[in-house]
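2 protein chains.
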Amino acid sequence: MTPASLVDGAPADTVGIDSRGLAYGDGVFRTLRLQDGGVLHADEQWRKLAADAQRLDLEVPPLDVWLADTAMLNHGQATGVAKWLLVRRSEGRGYRPTTRAAQRIVQVSSLPPRVASAALTIAALRLAAQPALAGIKHLNRLEQVLAARELRPGTDELLMCDHDGFLVGGLRSNLFWVHDGRLLTPFVDRCGIAGTMRARVLRIAAGLGVAQAEVREGGAALMAADEIFVTNALVGIWPAHRVETRGLQAPGPLTQRLARELGPPFLI
Amino acid sequence: MTPASLVDGAPADTVGIDSRGLAYGDGVFRTLRLQDGGVLHADEQWRKLAADAQRLDLEVPPLDVWLADTAMLNHGQATGVAKWLLVRRSEGRGYRPTTRAAQRIVQVSSLPPRVASAALTIAALRLAAQPALAGIKHLNRLEQVLAARELRPGTDELLMCDHDGFLVGGLRSNLFWVHDGRLLTPFVDRCGIAGTMRARVLRIAAGLGVAQAEVREGGAALMAADEIFVTNALVGIWPAHRVETRGLQAPGPLTQRLARELGPPFLI
Numbered sequence: 001m002t003p004a005s006l007v008d009g010a011p012a013d014t015v016g017i018d019s020r021g022l023a024y025g026d027g028v029f030r031t032l033r034l035q036d037g038g039v040l041h042a043d044e045q046w047r048k049l050a051a052d053a054q055r056l057d058l059e060v061p062p063l064d065v066w067l068a069d070t071a072m073l074n075h076g077q078a079t080g081v082a083k084w085l086l087v088r089r090s091e092g093r094g095y096r097p098t099t100r101a102a103q104r105i106v107q108v109s110s111l112p113p114r115v116a117s118a119a120l121t122i123a124a125l126r127l128a129a130q131p132a133l134a135g136i137k138h139l140n141r142l143e144q145v146l147a148a149r150e151l152r153p154g155t156d157e158l159l160m161c162d163h164d165g166f167l168v169g170g171l172r173s174n175l176f177w178v179h180d181g182r183l184l185t186p187f188v189d190r191c192g193i194a195g196t197m198r199a200r201v202l203r204i205a206a207g208l209g210v211a212q213a214e215v216r217e218g219g220a221a222l223m224a225a226d227e228i229f230v231t232n233a234l235v236g237i238w239p240a241h242r243v244e245t246r247g248l249q250a251p252g253p254l255t256q257r258l259a260r261e262l263g264p265p266f267l268i
Numbered sequence: 001m002t003p004a005s006l007v008d009g010a011p012a013d014t015v016g017i018d019s020r021g022l023a024y025g026d027g028v029f030r031t032l033r034l035q036d037g038g039v040l041h042a043d044e045q046w047r048k049l050a051a052d053a054q055r056l057d058l059e060v061p062p063l064d065v066w067l068a069d070t071a072m073l074n075h076g077q078a079t080g081v082a083k084w085l086l087v088r089r090s091e092g093r094g095y096r097p098t099t100r101a102a103q104r105i106v107q108v109s110s111l112p113p114r115v116a117s118a119a120l121t122i123a124a125l126r127l128a129a130q131p132a133l134a135g136i137k138h139l140n141r142l143e144q145v146l147a148a149r150e151l152r153p154g155t156d157e158l159l160m161c162d163h164d165g166f167l168v169g170g171l172r173s174n175l176f177w178v179h180d181g182r183l184l185t186p187f188v189d190r191c192g193i194a195g196t197m198r199a200r201v202l203r204i205a206a207g208l209g210v211a212q213a214e215v216r217e218g219g220a221a222l223m224a225a226d227e228i229f230v231t232n233a234l235v236g237i238w239p240a241h242r243v244e245t246r247g248l249q250a251p252g253p254l255t256q257r258l259a260r261e262l263g264p265p266f267l268i
């Protein structure tokens, strides 16, 4: 039977109780889409993993090691989800990191179902500003856990603001909207995650000559938006048909154009 | 051989790779001093664990269960350190918590040595303000890991400020200082941990009729302080003989008076 997870390349479904991942969340991770038996946008995902690891001063194994692990777990599934975790090794106790060496954990699971377009709600919980950790997909995710308690039936994704009331992104996604032909997305320099799909969509928009900007705007900006969508590595571009009580065309024309450029498996 | 850790009361030194502690830091913990074979201030520690658990909506096992676990691990050690962790059980995937049930982890180790008084340095890294998590000893401790990289030989404890430059506390302790006969300590309502020893010292000071206040003050306040000390459950009251380049009497007279009231094993 194929195992569901590997730790440092060996079948395992546990980590040590002294893991700095458990004690402190001292690690980073990636959620990746498996497609046609391979890892979608693997290069980009690895580069982001490496960049995040560098922010925490963690050694990152080369891409081919991650891909070999993932392939070992992914026998014959056409689609799926891989999770790559990189957790600092434990040496003695205390907060101070004494090594850059990290444990490599790979898990594979099935792709969750999703509806064609999303209803968005703005969460009451606000994200703390911490530039030292902003943009990084690290293992300190209690804010997301707390915010997720606000998920109600009928909401597909929660939007998060910072303490100044500026939009940051979705609970599990980055946020985009279109206003007067411009593609807008929140800054993620004080909190939030700079997702690989966010970067890809910005590149695609630039390639199409679409005006774009990172902005600090509150939820009111979405009430005037012509189109709204969220992005991540699993869903690609996910158009919103509703934000709070406001209905929207989903997908809007620019959203469709970007999705067409993004290509399969994300055509909408 | 006595095991060093128990998971849900059974000898174990691993947790599942799907642990929400590893994935999100979805849990709380306590660090406790073992003294004369027992847990020091066990009632108070449990009440704080329960209060923190409630903030995250986690079920907490009764004190006697924690004490029984700890006793099973602590054969004949006069002193030591116990760590109690409470981690939400995993059910399915995603941030949203679907259960209040939690895994109970108990570890016992030896008491680390410490010098009689501490040299304090103010860390450059500043703590993010998140009222929803402030005061709780939860498993999201990446800020502490990042700050701990600033520890240099000659510094015994780092002091942390928030993004507004207000003192919050020590990396592993709460902070107190004396100014004109008043005992001052930072608010911990926006970030930081409200330690059990902090609460105990404030109660002791009140009992002695010492004027006290929670304050928002920057590091400059320490340059005018008559006495400074930090507290936690392991060290009790730890007088500072230096903050940055400024020397201090350690312990000062009020620090000594408080330590006398706190009693053994924390007499200084």
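Chain order of the listed sequences is A and B. Mapped onto the UniProt record's numbering, the consecutive letters of the first sequence carry residue numbers 1 to 268. Mapped onto the UniProt record's numbering, the consecutive letters of the second sequence carry residue numbers 1 to 268. Backbone N, C-alpha and C define an ideal beta-carbon position, used for all residues, glycine too. Computed from a predicted model, the values in this text were never measured in an experiment.
Exposed or buried, Gly25 (chain A), counting other C-beta atoms within 10 Å across all chains shown (16 or more means buried)?
-> buried
Relative to the alpha-carbon of Glu217 (chain B), which residue among B:Gly165, B:Ile228, B:Thr2 has its alpha-carbon at the smallest distance?
-> B:Gly165
Where do the ends of the beta strand (DSSP E) carrying Ile237 (chain A) lie?
-> 236-243
Beta-carbon neighbours of Ser110 (chain B), restricted to chain A and to distances below 9 angstroms | Result: empty, since nearest Cβ-Cβ is about 10 angstroms, beyond 9 angstroms.
Alpha carbon to alpha carbon, what distance is there between Val210 (chain B) and Pro23 (chain B)?
-> The displayed chain sequence assigns Ala, not Pro, to residue 23 (chain B). About 45 angstroms.
Does the separation of the CB atoms of Leu120 (chain A) and Gly80 (chain A) fall below 9 angstroms?
-> no
Identity of the residues DSSP links to Lys83 (chain B) by a beta bridge | B:Thr31, B:Gln107
Let me know the beta strand (DSSP E) ranges lying completely inside the stretch 142-227 of chain B, each 3 residues or longer, listed in chain order.
-> 157-162, 167-170, 174-179, 182-186, 212-215
In whole angstroms, what is the alpha-carbon distance linking Phe266 (chain A) and Trp238 (chain A)?
-> 9 angstroms
Is it buried or exposed for Thr245 (chain B), if we count other Cβ within 10 angstroms and need 16 for buried?
-> exposed
Look at the Cβ atom of Arg172 (chain A), then the Cβ atom of Gly94 (chain B), and state whether they are nearer than 9 angstroms.
-> yes
With DSSP run on the structure shown, which of helix, strand or coil describes residue 279 (chain B)?
-> The structure shown does not extend to residue 279 (chain B), since chain B is modelled only from 1 through 268, so no value can be given for it.
Quick one, which residues of the stretch 143-171 of chain A are near chain B if we go by CB-CB under 8 angstroms, in chain order?
-> Glu143, Gln144, Val145, Leu146, Ala147, Ala148, Arg149, Leu151, His163, Leu171
Within 9 angstroms (strictly less), CB to CB, does Leu85 (chain A) reach chain B?
-> yes
For the alpha helix (DSSP H) containing Leu67 (chain A), list its first residue and its last residue.
-> 63-73
Can His138 (chain B) and Asp52 (chain B) be called in contact, C-beta distance under 9 angstroms?
-> yes
Enumerate in chain order the residues of its own chain whose CB-to-CB distance from Gln77 (chain A) is below 8 angstroms, with the five nearest sequence positions on each side excluded.
-> Leu34, Gly37, Val108, Ser110
Cβ neighbour criterion (16 or more within 10 Å) applied to Thr98 (chain B) | exposed
Go through its chain and collect everything with a Cβ distance to Thr31 (chain B)'s Cβ below 7 angstroms, but skip five positions before and after it.
-> Val81, Lys83, Ala233, Leu234
Beta carbon proximity, Val15 (chain A) to chain B, threshold 9 angstroms = yes
Would you tell me roughly how many angstroms separate the C-alpha atoms of Gln212 (chain B) and Phe229 (chain B), rounded to the nearest one?
-> 14 angstroms
Euclidean distance between Cα positions of Gly195 (chain B) and Leu151 (chain A) | 32 angstroms
For Gly21 (chain B), does the three-state DSSP call read helix, strand or coil?
-> helix
7 angstroms CB neighbourhood of Pro3 (chain B) in its chain, flanking five on each side removed | Pro11, Leu73
Unbroken beta strand (DSSP E) run spanning Leu125 (chain A), endpoints = 118-127
Do we get a CB-CB distance below 9 angstroms when we pair Leu32 (chain B) with the residues of chain A?
-> no
Is Arg88 (chain B) helix, strand or coil when you go by DSSP?
-> strand
Can you give the Cα-Cα distance for Val106 (chain B) and Trp177 (chain B), rounded to whole angstroms?
-> 33 angstroms
Can a CB atom of chain B be found closer than 9 angstroms to the CB of Ile268 (chain A)?
-> no
Expected contact under 8 angstroms - CB spacing of Val145 (chain A) and Leu184 (chain A) to nearest Å = With a Cβ gap of about 28 angstroms, Val145 (chain A) and Leu184 (chain A) do not count as contacting.
Is DSSP giving Leu6 (chain A) helix, strand or coil here?
-> strand
Asp226 (chain B) and Asp162 (chain B): beta carbons closer than 9 angstroms?
-> no
Whose Cβ in chain B lies nearer than 7 angstroms to the Cβ of Ile237 (chain A)?
-> Chain B residues near Ile237 (chain A): none, gap ~20 angstroms exceeds 7 angstroms.
According to DSSP, which residues form a beta bridge with His41 (chain B)?
-> Bridge partners of His41 (chain B): none, in fact.
Under 9 angstroms between C-beta atoms, does Asp18 (chain B) make it to chain A?
-> yes
Checking contacts by CB at 9 angstroms: is Pro186 (chain A) closer than that to chain B?
-> no
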